[in-house]
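To convert, note that position 202 of the sequence shown is 212 in my numbering; the numbers rise steadily by one, no gaps.
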Amino acid sequence: MNNSFCPLPFSHLAVRPNGKVYPCCIFDWEHVPDDLDLNHPDVFNHPFMQDIREKMRNNESVPGCNKCYTNEEKTGHSTRMFFLNNAENFNIPTKPIKESKIKYLDLALSNTCNNKCRMCNPELSTSWYADAKALGMPIYKGILNQETVLDGYDLSELTLMKLIGGEPLMEQPKFINVLKRCNRKNLRVLLTTNTTLKPNQELFDLLKECKECHINLSIDAYGELNNFLRKGSKWDNVLENINWFTENFKEDIKVHSVASIYNINHLDKLSNFLKDNFPKIRHEYVLVDGPDWMRPRHLPENAKIEIKKLFELWTKHTAVPFLKILEDELSKTGDFNIFIKNDKKINDIRNENWAYINPELYEMVKTYYE
11 MNNSFCPLPF SHLAVRPNGK VYPCCIFDWE HVPDDLDLNH PDVFNHPFMQ
61 DIREKMRNNE SVPGCNKCYT NEEKTGHSTR MFFLNNAENF NIPTKPIKES
111 KIKYLDLALS NTCNNKCRMC NPELSTSWYA DAKALGMPIY KGILNQETVL
161 DGYDLSELTL MKLIGGEPLM EQPKFINVLK RCNRKNLRVL LTTNTTLKPN
211 QELFDLLKEC KECHINLSID AYGELNNFLR KGSKWDNVLE NINWFTENFK
261 EDIKVHSVAS IYNINHLDKL SNFLKDNFPK IRHEYVLVDG PDWMRPRHLP
311 ENAKIEIKKL FELWTKHTAV PFLKILEDEL SKTGDFNIFI KNDKKINDIR
361 NENWAYINPE LYEMVKTYYE
């Protein structure tokens with residue numbers, strides 16, 4: 011049995027707004043060479059990509075695939091296993107092959123975005139530019155604004171396309187252009203949106219021509235806490251758009267949420283709201299993977315104890331599938347002063363204070379502020 015093989019390096023590219031390319035969206039970026047980007051004449055067949063494929067043919071582990079290896083060990087699930095189990099449905103390889111073709115594209119059209127989420131940065135959101143300047147951070151321009159991305163590739167054999175951002179619904183003309191280059195009757199689309207916008211009529215019509223269109227709604231919390239975490243969002247507008255997407259796209263709608271220090275004690279509120287009001291919507295949480303200071307490991311020990319008590323209640327009343335990952339995260343050593351320092355910087359720039367939005371968490375940690 012080949013425990014190294016993954017279909018993605020043989021059929022897939024993940025393109026990011028700064029022009030960087032990755033073998034997949036969770037591949038460890040530290041292992042990616044600097045010239046794996048859209049300036050390469052044939053990035054899909056870059057020597058680094060060829061080396062990954064050869065390692066997998068020989069059943070050798072690939073260092074950049076550590077996230078999948080770890081998730082499989084801890085939970086029995088991973089991105090690799092998902093695509094292995096669904097390879098035939100997506101018309102991607104079920105075993106190592108010699109000839110590779112792009113069948114699946116994970117595409118960021120630009121870094122244009124109308125939100126400036128706490129966990130984000132200027133590389134992925136133009137709305138972050140002013141804050142980034144005040145924080146002394148570098149400002150990245152979305153290379154995809156050149157509108158020449160993958161023009162040399164035939165997209166007619168694509169069977170799966172994932173659209174992320176920035177916010178892809180702020181780049182609807184580019185989205186339309188890409189869809190017109192595809193054989194839509196064979197194409198499954200996964201659209202990730204921050205739930206603040208809806209497709210225009212032309213884009214909506216093209217999406218309805220696709221074989222399937224799955225909607226991934228990025229919402230991190232219920233109500234005002236979501237407005238804080240995804241600044242630029244308004245909960246009433248988000249709720250209106252949840253209703254619109256559920257009425258117009260029947261295949262599959264999922265709410266994708268990120269767990270961080272800010273919302274770790276309220277994960278059940280969003281889960282329960284969706285279960286009660288939108289029972290057909292799937293909901294999943296993932297652990298924040300950056301910036302580091304937002305990781306729950308940095309909470310003080312007394313807060314970790316209180317939050318673990320909440321986990322015990324949730325297992326009795328609510329299905330929270332990744333509690334084991336959270337428990338493992340909370341078992342790691344952190345430094346709450348790192349959170350306080352970085353949180354204060356953004357609070358001062360934005361004139362915000364999360365203590366009024368999540369007072370229950372603030373009660374657990376207020377002595378560290380006093």
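Glycine included, C-beta positions come from ideal geometry on N, C-alpha and C.
Source: prediction; values computed, not measured.
Please state the DSSP three-state secondary structure of residue i.
i	result
Ile271	coil
Val72	coil
Asp299	coil
Glu177	coil
Val31	strand
Glu311	helix
Glu222	strand
Val42	coil
Thr325	helix
Cys78	helix
Asp52	coil
Lys285	helix
Leu320	helix
Glu133	coil
Pro306	helix
Leu18	helix
Tyr366	helix
Are the CB atoms of residue i and residue j nearer to each other than 7 Å?
i	j	result
Lys221	Arg191	no
Lys241	Lys376	no
Leu115	Leu168	yes
Gly176	Cys123	yes
Ala140	Pro27	no
Lys89	Ile174	Per the sequence presented here, residue 89 reads as Thr, with Lys not at that position. Their beta carbons are not under 7 Å apart, which means Thr89 does not touch Ile174 by this criterion.
Phe54	Ile107	no
Ala144	Ile367	no
Asp47	Gly29	yes
Lys208	Trp254	yes
Met304	Ser270	yes
Ile291	Val265	yes
Thr205	Leu239	no
Gly152	Asn121	yes
Thr113	Asn99	A small correction: the amino acid at residue 113 is Lys; Thr does not occupy that position in the sequence shown. Result no, Cβ atoms of Lys113 and Asn99 do not sit closer than 7 Å.
Ile229	Asn237	no
Phe185	Leu213	yes
Leu134	Lys172	no
Pro43	Phe58	yes
Arg18	Phe92	Checking the sequence shown, residue 18 turns out to be Leu, not Arg. No, the pair does not count as a contact, with Cβ atoms beyond the cut-off.
Tyr232	Phe283	yes
Phe346	His308	yes
Ile348	Ile317	no
Val268	Val248	no
Asp278	Trp324	yes
Pro306	Leu340	yes
Ser14	Asn69	yes
Pro103	Ile62	no
His41	His50	no
Where do the ends of the alpha helix (DSSP H) carrying residue i lie?
i	result
Arg63	Pro57 to Arg67
Leu371	Pro369 to Tyr379
Leu117	Leu117 -> not in any alpha helix (DSSP H); beta strand (DSSP E) instead, spanning Tyr114 to Ala118.
Tyr139	Tyr139 to Leu145
Asn352	Phe346 to Arg360
Ile149	Looking at the DSSP string, Ile149 is not in any alpha helix (DSSP H), and its letter there is neither H nor E.
Glu337	Leu333 to Leu340
Lys190	Gln182 to Lys190
Checking the sheet assignment: what are the DSSP bridge partners for residue i?
i	result
Thr203	Leu227
Glu294	His266
Leu170	Tyr114 and Arg198
Ala24	Tyr32 and Asp116
Asp47	Lys30
Which residue comes first and which comes last in the beta strand (DSSP E) that contains residue i?
i	result
Leu216	Taken as a continuous stretch (DSSP letters only), Leu216 belongs to no beta strand (DSSP E), being part of the alpha helix (DSSP H) at Gln211 to Glu219.
Strictly under 7 Å for the Cβ-Cβ distance: is residue i near chain C by that measure?
i	result
Gly74	The structure shown contains no chain C, having only a single protein chain.
Beta strand (DSSP E) runs wholly inside the stretch 236-280, at least 3 long, in chain order:
You should have 262-269.
Report the residue ranges of all alpha helix (DSSP H) runs contained in full by the stretch 81-130; include only those spanning at least 4 residues, in chain order.
Complete alpha helix (DSSP H) runs here, min 4: 89-95.
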